[in-house]
Amino acid sequence: MTVRKLQEKRGWAFNIAVPILKPTLLATTRREWIGGENIPTSGGFIIALNHISHADPLTAAHLVYDHGYKPRYLAKSGLFDNRALGFFLRGAGQIPVRRETKDAVGAYSAAVDAVRAGQCVVIYPEATITRDPDMWPMKGKSGAARIALETSCPVIPVGQWGAHEILPPYTKRPHVVPRRKVVMRVGPPVELEDLRARPRTGAVVNEATARIMAAITHQLELVRGETAPAERYDMAVHGDRFKKKKAE
Numbered sequence: 001m002t003v004r005k006l007q008e009k010r011g012w013a014f015n016i017a018v019p020i021l022k023p024t025l026l027a028t029t030r031r032e033w034i035g036g037e038n039i040p041t042s043g044g045f046i047i048a049l050n051h052i053s054h055a056d057p058l059t060a061a062h063l064v065y066d067h068g069y070k071p072r073y074l075a076k077s078g079l080f081d082n083r084a085l086g087f088f089l090r091g092a093g094q095i096p097v098r099r100e101t102k103d104a105v106g107a108y109s110a111a112v113d114a115v116r117a118g119q120c121v122v123i124y125p126e127a128t129i130t131r132d133p134d135m136w137p138m139k140g141k142s143g144a145a146r147i148a149l150e151t152s153c154p155v156i157p158v159g160q161w162g163a164h165e166i167l168p169p170y171t172k173r174p175h176v177v178p179r180r181k182v183v184m185r186v187g188p189p190v191e192l193e194d195l196r197a198r199p200r201t202g203a204v205v206n207e208a209t210a211r212i213m214a215a216i217t218h219q220l221e222l223v224r225g226e227t228a229p230a231e232r233y234d235m236a237v238h239g240d241r242f243k244k245k246k247a248e
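Under UniProt numbering, the first residue of the sequence shown is numbered 1, with each subsequent residue one higher.
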């Protein structure tokens with residue numbers, strides 16, 4: 001279900017990945033893309049979405065690619081430690097992030113440059129798979145908000161559901177038979193104009209982050225037909241319920 005033609009040359013990494021990954025996704029998932037008209041047709045922007053599985057970067061990339069863009073992710077630096085994988089990821093334009101270090105500033109600058117160059121940067125504001133017991137979005141990190149405030153680019157919220165049935169969090173065996181349905185609901189740009197006109201204080205960045213997470217959560221509520229909890233899960237307060245699985 002390609003909605004728009006790709007707006008730029010694929011490059012060698014995508015020339016390798018697309019003929020492998022897209023047929024695989026077409027064969028193993030049933031897709032429902034909703035609200036794709038909210039994805040810009042030109043200019044740089046951020047796609048911000050909830051994180052429910054290690055498989056959903058692939059399904060999110062499928063959505064972005066079907067709408068004419070090559071996705072650029074802010075990805076965990078550990079993925080780049082493998083020489084071959086790191087070479088491929090860099091060739092595909094992905095951006096390594098070393099959290100809680102001075103190198104994180106470089107990732108931020110690279111993402112800002114990508115947006116200003118008219119590219120699509122995909123960000124999971126939660127920065128990790130949700131720990132909420134019912135898989136609602138958690139409290140967000142500030143990266144997407146800071147990039148949006150710096151560049152004045154649109155932030156497009158996406159609520160996505162279904163990838164966790166392909167690969168449940170912190171498991172290794174995918175479930176592809178029968179095909180799982182993956183729903184991606186794209187909302188209108190998050191309203192941030194009033195915040196861009198104000199000094200870049202911590203309060204302003206936090207408000208922008210809260211609006212982004214609220215917009216993502218609203219799209220997910222529409223997908224699930226349910227109402228999210230009033231209090232957002234915060235790992236600093238509630239802990240990491242997957243800690244044991246991650247250590248195994």
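Where is the CB? At the ideal position from N, CA and C, for every residue including glycine.
Just so you know, these numbers come straight off a predicted model, no measurement behind them.
Between which two residues does the beta strand (DSSP E) holding K139 run?
In the sequence shown, residue 139 corresponds to position 139, counting from 1. Per DSSP, K139 belongs to no beta strand (DSSP E) and is neither H nor E.
Quick check on the DSSP output: the alpha helix (DSSP H) that includes F242 runs from which residue to which?
Within the sequence shown, the letter at position 242 stands for residue 242. Segment: none, F242 is in no alpha helix (DSSP H) and carries neither H nor E.
Quick one: Cα of V105 to Cα of L74, how far?
Taking the first residue of the sequence shown as 1, we reach residue 105 at position 105. Taking the first residue of the sequence shown as 1, we reach residue 74 at position 74. V105 and L74 have their C-alpha atoms spaced approximately 12 angstroms apart.
Whole angstroms are fine: how far does the CA of A236 sit from the CA of V183?
Here residue 183 refers to the residue found at position 183 when the sequence shown is read from its first residue. Here residue 236 refers to the residue found at position 236 when the sequence shown is read from its first residue. V183 and A236: Cα-Cα distance of roughly 30 angstroms.
Cα-Cα separation between L167 and F242, rounded to whole angstroms
Looking up residue 167 in the sequence shown gives position 167. Looking up residue 242 in the sequence shown gives position 242. So the alpha carbons of these two residues sit roughly 15 angstroms apart.
Mark I20 as exposed unless 16 or more other C-beta atoms lie within 10 angstroms of its C-beta, in which case mark it buried.
Position 20 of the sequence shown, counted from the start, is the residue given in the question as residue 20. Flag for I20 reads exposed.
Per DSSP, what kind of secondary structure is R90 in: helix, strand or coil?
Working through the sequence shown from its first residue, we reach residue 90 at position 90. DSSP places R90 in helix when its eight states are reduced to three.
Which of the three DSSP states is assigned to Q219 in this structure?
Within the sequence shown, residue 219 is the residue found at index 219, counting from 1. Of the three classes helix, strand and coil, the one that applies to Q219 here is helix, per DSSP.
In this structure, does DSSP put V18 in helix, strand or coil?
Looking up residue 18 in the sequence shown gives position 18. Reduced to three states, the DSSP call for V18 is helix.
If you measure between the beta carbons of A117 and G44, is that distance less than 8 angstroms?
In the sequence shown, counting from the first residue as 1, residue 117 sits at position 117. In the sequence shown, counting from the first residue as 1, residue 44 sits at position 44. Contact check for A117 against G44 passes: the beta carbons are separated by less than 8 angstroms.
What first and last residue would you give for the beta strand (DSSP E) that runs through P96?
Counted from its first residue, the sequence shown places residue 96 at position 96. Element bounds for P96: 95-97.
Using a threshold of 8 angstroms, state whether the C-beta atoms of P137 and N38 are closer than that.
Counting from one through the sequence shown, the residue named residue 137 turns up at place 137. Counting from one through the sequence shown, the residue named residue 38 turns up at place 38. No, they are not a contact pair.
Looking at the secondary structure, which residues open and close the alpha helix (DSSP H) in which Y65 lies?
The residue labelled residue 65 in the question sits at position 65 within the sequence shown. Start and end: 56-66.
Supposed contact pair P174 and A55 - C-beta distance, whole angstroms, cut 8 angstroms
Reading the sequence shown from its first residue, position 55 is the one you call residue 55. Reading the sequence shown from its first residue, position 174 is the one you call residue 174. Rounded, the Cβ-Cβ distance is 7 angstroms, consistent with contact.
Does the count of Cβ pairs from the region 46-54 and the region 119-137 closer than 8 angstroms reach three?
With contact defined as three or more Cβ pairs closer than 8 angstroms, the region 46-54 and the region 119-137 are in contact.
DSSP three-state assignment for G35, whether helix, strand or coil
Residue 35 sits at position 35 when you count from the first residue of the sequence shown. Correct three-state label for G35: coil.
F45 - partner residues in DSSP beta bridges:
Taking the sequence shown and counting its residues from 1, one reaches residue 45 at position 45. C120.
DSSP state of Y69, grouped into three classes?
Looking up residue 69 in the sequence shown gives position 69. The DSSP-derived three-state label of Y69 is coil.
For the region 151-168 against the region 1-17, are there 3 or more C-beta pairs whose distance is under 8 angstroms?
no
Can you check which of these residues, R31, L6, G140, D240, is closest to R232 by C-alpha distance?
By 1-based counting over the sequence shown, the position of residue 232 is 232. Nearest to R232 by alpha-carbon distance, out of R31, L6, G140, D240, is G140.
Would V121 pass as a contact of I216 if the rule is Cβ separation under 8 angstroms?
Taking the first residue of the sequence shown as 1, we reach residue 121 at position 121. Taking the first residue of the sequence shown as 1, we reach residue 216 at position 216. The answer is no: Cβ separation not under 8 angstroms.
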